[in-house]
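A short worksheet on the structure shown next.
Number of protein chains: 2
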Amino acid sequence: MFRALADPTRRQILEDLRAGELAAGEIGARFSISAPSISRHLGVLKGAGLVTERRDGNRILYSLVEERLATSVGRFLSAVCPEQIVLRHTKWRPGAQQEGS
Amino acid sequence: MFRALADPTRRQILEDLRAGELAAGEIGARFSISAPSISRHLGVLKGAGLVTERRDGNRILYSLVEERLATSVGRFLSAVCPEQIVLRHTKWRPGAQQEGS
DNA sequence: TAGCTACTTAGCCAAGATGCTAAATATGAC
DNA sequence: GTCATATTTAGCATCTTGGCTAAGTAGCTA
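Chains A and B, in that order, are what the protein sequence lines are.
First residue of the first sequence: 24, per my numbering; consecutive thereafter.
First residue of the second sequence: 24, per my numbering; consecutive thereafter.
What follows is the structure, encoded as structure tokens:
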């Protein structure tokens, strides 16, 4: 998870996906790196569960999994600086009994 | 910043420092890797501004910079999934006018 | 000064990350 | 089937990361 966030290109992709789903090509057009490199970044994000993909004819549309990000990162933040952060709209909350990932 | 969080040993160090400042040796004792490796991890965390060091006689005590973590990570989370997170007790808040890092 | 402890710096190596080009795959249109 | 478009996979080069050992630096005690 955090390794997926370590790369600035991948963080930018996540921010771009905030506006809604995008095709791989549309994402790639925003960067000056090759399509295969973008494809690999998307694969890393998908592997981390941060995005999902859906085929639409010729294209593959990617979209953000917001809760995955908020839950994982939020859990860590809550373990390190709980006074400074509050999560909303997630199943998991700091201090609550928990199960699952 | 995020690169510093990418390594699980460094994340654990941050969690350990949550309880209060610790000497480099005390931190190292909690892991099964060599002292030089721990020293480098601490250097990375210090470079990212996530910890500060202070000499105490023979030892060097490290402590967490909570706000640095909450602000940086929180800002990113707020850019990607603002509905799911709220920051407290930091100078910067999502949506507010901002200055500085 | 010497000697001890605590920690960092230097240098090496294996593994992983990230970029590229070329080739493969998948879909849609003809 | 063939062509064009969209995307991924394969293979390679290079840089970075994270571990180690050995050596250096800093402070304390005597």
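A virtual CB, placed ideally from N, CA and C, is assigned to each residue, including glycine.
Every value quoted in this text rests on a predicted model; they were computed, and no experiment measured them.
Length of the line joining the Cα atoms of residue i and residue j
i: Arg41 (chain B); j: Tyr85 (chain B); result: 11 Å
i: Leu37 (chain B); j: Gly80 (chain A); result: 46 Å
i: Asp30 (chain A); j: Gly43 (chain B); result: 30 Å
i: Leu65 (chain B); j: Glu89 (chain A); result: 31 Å
i: Ser95 (chain B); j: Leu87 (chain A); result: 20 Å
i: Ser19 (chain A); j: Leu45 (chain A); result: The question about residue 19 (chain A) has no answer, for chain A in this structure spans 24 to 124.
i: Gly123 (chain B); j: Phe99 (chain B); result: At Gly123 (chain B) the pLDDT is 34, less than 50, meaning the model places this residue with poor confidence; the figure from the coordinates comes in the next sentence. About 15 Å.
i: Ile50 (chain B); j: Ile56 (chain B); result: 11 Å
i: Val67 (chain B); j: Leu68 (chain A); result: 24 Å
i: Ser60 (chain B); j: Ser60 (chain A); result: 31 Å
CA nearest to the CA of residue i, picked from the options
i: Pro105 (chain B); options: A:Ala93, A:Arg98, A:Cys104, A:Leu100; result: A:Ala93
i: Ser101 (chain A); options: B:Gly97, B:Ser101, B:Leu65; result: B:Gly97
i: Ala52 (chain A); options: A:Arg26, A:Thr32, A:Arg78; result: A:Thr32
i: Phe54 (chain B); options: B:Glu44, B:Asp39, B:Phe99; result: B:Asp39
i: Val74 (chain B); options: A:Val103, A:Ser95, A:Gly70; result: A:Val103
Enclosing beta strand (DSSP E) for residue i [first to last residue]
i: Ile83 (chain A); result: 82–87
i: Arg77 (chain B); result: 74–79
Terminal residues of the alpha helix (DSSP H) in which residue i lies
i: Ala53 (chain B); result: A quick correction: the sequence has Arg, not Ala, at residue 53 (chain B). No alpha helix (DSSP H) holds Arg53 (chain B); DSSP gives it neither H nor E.
i: Glu38 (chain A); result: 31–40
i: Pro59 (chain B); result: 58–70
Check whether residue i and residue j have beta carbons under 8 Å apart
i: Gly48 (chain A); j: Arg82 (chain A); result: yes
i: Ala27 (chain A); j: Ala71 (chain A); result: yes
i: Leu25 (chain A); j: Arg91 (chain B); result: It is worth fixing the name first, because residue 25 (chain A) is Phe in this sequence and not Leu. No, Cβ-Cβ distance for Phe25 (chain A) and Arg91 (chain B) is not below 8 Å.
Proximal residues of chain B, C-beta to C-beta of residue i below 8 Å
i: Phe54 (chain A); result: What Phe54 (chain A) touches in chain B: nothing, since even the nearest Cβ is about 17 Å away.
i: Val74 (chain A); result: Those within 8 Å of Val74 (chain A) in chain B number zero; the least Cβ separation is about 11 Å.
Under 7 Å from the C-beta of residue i: neighbouring residues of chain A
i: Ala29 (chain B); result: Phe25, Arg26, Ala29
i: Leu84 (chain B); result: Chain A residues near Leu84 (chain B): none, gap ~18 Å exceeds 7 Å.
i: Arg78 (chain B); result: Those do not exist, as Arg78 (chain B) stays about 24 Å from chain A at its closest Cβ, beyond 7 Å.
Closer than 8 Å at the beta carbon, the chain A residues around residue i
i: Glu89 (chain B); result: Val103, Cys104, Glu106, Gln107
Proximal residues of chain B, C-beta to C-beta of residue i below 9 Å
i: Leu65 (chain A); result: Within chain B, no residue comes near Leu65 (chain A); the closest Cβ sits about 16 Å away, beyond 9 Å.
Neighbour list for residue i in chain A, Cβ cutoff strictly below 9 Å
i: Leu68 (chain B); result: Residues of chain A passing the Cβ test: none, with the nearest at roughly 12 Å.
Closer than 7 Å at the beta carbon, the chain B residues around residue i
i: Leu37 (chain A); result: Val103
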